[in-house]
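These notes are about the structure you will find just below.
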Amino acid sequence: MAQRVLIVDDEKSIREPIQTYLEMAGYTCFTADSGEKAVELLKTEPVDAVITDIVLPGISGLELTSLIKADYDTEVIVMTGYSQTYSYTQAVHMGASDFIFKPVRLEELALRLKRVLREREMTRECRLMVDRLRQLAITDDLTGLYNSRHFFGQLAAEADR
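Note that my numbering has the sequence shown beginning at 728, numbered continuously upward.
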């Protein structure tokens with residue numbers, strides 16, 4: 728299944744080339760021209776990553792990033808043409824996974840997107856492995872029942888309660 732990307736920029740001349748390039752690279756793309764439209768789209772379409780401009784009408788790209796990180800399980804790449812005004816540090820503090828300056832080189836954007844999505848997948852796999860290891864640490868391999876250490880820990884907790 729193709730990974731899903733939302734591109735948010737108020738300039739059609741930026742949105743459309745990014746969409747075309749990423750679709751040619753195998754991604755399923757959605758677009759929005761404002762932060763509000765992006766939020767509405769996120770309510771109905773789950774996406775793996777959002778690429779957003781910082782300067783948007785209404786909700787700014789940094790506010791959108793913060794909102795996305797709080798309410799959705801998706802990565803955000805922030806882009807801006809105002810290199811003197813906004814910084815990588817600001818974007819990362821708001822929850823962005825990466826930061827890129829305009830004019831955007833499409834090849835670079837695609838590589839950054841690929842890296843961000845790969846890191847997302849690796850983090851998800853790591854969480855699954857940790858959960859599996861936790862389960863293995865408290866159960867007996869042969870019977871599948873809780874081991875004595877877990878049993879006595881639970882017993883002590885219940886006795887204290």
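The C-beta atom is built at its ideal place from N, Cα and C for all residues, glycine as well.
(1) Determine the closest residue to Gly-788 out of Thr-801, Ala-765 and Pro-773, with distance taken between C-alpha atoms.
(2) Please specify which runs of the beta strand (DSSP E), each continuous and at least 3 residues long, are wholly inside the segment 781-848, giving them in chain order.
(3) Quick one: Cα of Ile-781 to Cα of Met-849, how far?
(4) Would you say the segment 857-873 touches the segment 770-779, given that touching needs at least three Cβ pairs under 8 Å?
(5) Give me the Cα-Cα distance between Met-821 and Ala-886, rounded to the nearest whole angstrom.
(6) For the beta strand (DSSP E) that Leu-733 lies in, which residues bound it at each end?
(7) Whose CA, out of Gly-808, Thr-747 and Leu-769, lies closest to the CA of Leu-794?
(8) Could you spell out the range, first to last residue, of the alpha helix (DSSP H) harbouring Ala-765?
(9) When the Cβ atoms of the segment 832-848 are set against those of the segment 870-877, are three or more pairs found closer than 8 Å?
(10) Which one of Glu-763, Tyr-815 and Thr-801 has the shortest CA to CA distance from Ile-786?
(11) Please report the straight-line C-alpha distance between Thr-912 and Gln-817, rounded to a whole angstrom.
(12) Going by other Cβ atoms of all chains shown within 10 Å of its Cβ, with 16 needed for buried, is Glu-772 buried or exposed?
(13) Give me the residue from Met-806, Tyr-813 and Val-819 with the minimum Cα distance to Lys-796.
Well, looking at it:
(1) Ala-765
(2) 802-807 and 825-828
(3) 27 Å
(4) no
(5) 44 Å
(6) 731-735
(7) Leu-769
(8) 762-771
(9) no
(10) Glu-763
(11) Since the displayed the chain opens at 728 and closes at 888, residue 912 lies outside it and no answer follows.
(12) exposed
(13) Val-819
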